[in-house]
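**Student:** Per this note's numbering, the sequence shown starts with residue 157, numbered consecutively.
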Amino acid sequence: MTAPTPSPESRAASPGSPVRVAAPTGASTPAPTPGGAPSLDSPIVRRLRDADPIPEITKLLHRAYAAQVAMGLAPLAGRQDDATTARRCNSGECYVATLKDTTHPRGERIVGIILFHEEEPDQGPPWFQQPHVDSFSQFAVDTNLQGRGIGQILLDTVERRARECGSTELALSMADPDTALKNFYLKRGYRFVEFWKWPYTNYTSAILSKTL
Ligand SMILES: CC(C)(COP(=O)(O)OP(=O)(O)OC[C@H]1O[C@@H](n2cnc3c(N)ncnc32)[C@H](O)[C@@H]1OP(=O)(O)O)[C@@H](O)C(=O)NCCC(=O)NCCS
157 MTAPTPSPES
167 RAASPGSPVR
177 VAAPTGASTP
187 APTPGGAPSL
197 DSPIVRRLRD
207 ADPIPEITKL
217 LHRAYAAQVA
227 MGLAPLAGRQ
237 DDATTARRCN
247 SGECYVATLK
257 DTTHPRGERI
267 VGIILFHEEE
277 PDQGPPWFQQ
287 PHVDSFSQFA
297 VDTNLQGRGI
307 GQILLDTVER
317 RARECGSTEL
327 ALSMADPDTA
337 LKNFYLKRGY
347 RFVEFWKWPY
357 TNYTSAILSK
367 TL
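#1: Could you check what DSSP says for Gln279 in three-state terms: helix, strand or coil?
#2: Can we count Phe340 as close to ligand 1, meaning its CB is less than 7 Å from some heavy atom?
#3: Using only the heavy atoms of ligand 1, determine whether one of them is closer than 7 Å to the beta carbon of Lys343.
#4: Which one of Arg203, His273, Gln294 and Phe272 has the shortest CA to CA distance from Lys215?
#5: Is Gly228 near ligand 1 - that is, is its Cβ less than 7 Å away from at least one heavy atom of it?
#6: What number of angstroms, rounded off, separates the C-alpha of Ser323 from the C-alpha of Pro287?
#7: Do Phe284 and Gly248 have their C-beta atoms closer together than 8 Å?
#8: Regarding Ala327 and ligand 1, is the C-beta to nearest heavy atom distance less than 7 Å?
#9: Taking 6 Å as the limit between beta carbons, can you name the residues of its chain near Leu255, skipping five residues before and five after?
#10: Just the C-alpha distance for Tyr356 and Ala233, rounded to the nearest angstrom, thanks.
#11: For Ala362, I'd like the list of residues in its chain whose CB is within less than 7 Å of its CB, leaving aside the five on either flank, ordered along the chain.
#12: Below 8 Å between beta carbons: does that hold for Lys366 and Leu310?
Below is the structure:
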């Protein structure tokens, strides 16, 4: 079952221009990568573009979700192939966080991702079916840059989009056994609403939601 769809007017209002965000705490001078000291700027959040490299994003997702995999969990984002990444990214509004990187062929590196309003092929939890509820998924920040506030600016982006779409709740599905991750969301105003079992995972998911 699909997630509730915002009105066409709301979708038309979707911002396509990149948002330059303040450098996250501790990230104004990001740590140099091993073997060099590339010049890294503040993160920029923008919509995913057709030219963006799906395989790089798949690898980023696999790295970010490796900790859950090590816990014995099987999140889709931790094992999905490039075709699945592409399908999912095109099934909603996909945002990426990028950092300027003078050593990278494109001059920037994708370091985080979040998917607003994914249209799932599988039936979703009852909470997601309500017209005032929107959702996000496929949320990750590359492992070497976690804990610097990049996740927060991606969250801020989808919370803003949900408000613009007229939603009063923003929800997500997460692996219930990942207690530390749940605390991350609870600290940011999300609350538990129900359990759900997706057909493609080996764990029970917790559906969390935040009143906007
Ligand atoms: C969750 C995630 C996107 C957050 O991104 P981030 O850039 O690290 O987030 P921020 O820097 O804005 O916030 C850092 C805070 O989150 C905590 N945190 C970061 N990753 C965490 C994780 N995997 N589990 C629990 N807490 C985490 C940090 O300790 C820090 O806590 P504090 O604010 O209370 O001090 C990122 O950690 C990640 O990619 N995790 C793996 C994939 C995942 O679980 N995605 C969510 C699926 S629902």
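Glycine residues also receive a C-beta, built at the ideal position from the N, C-alpha and C atoms.
**Tutor:** Put simply:
#1: coil
#2: yes
#3: yes
#4: Gln294
#5: no
#6: 8 Å
#7: no
#8: no
#9: Leu196, Pro199, Arg265 and Val267
#10: 11 Å
#11: Met330, Asp332, Lys338, Phe348 and Phe351
#12: no
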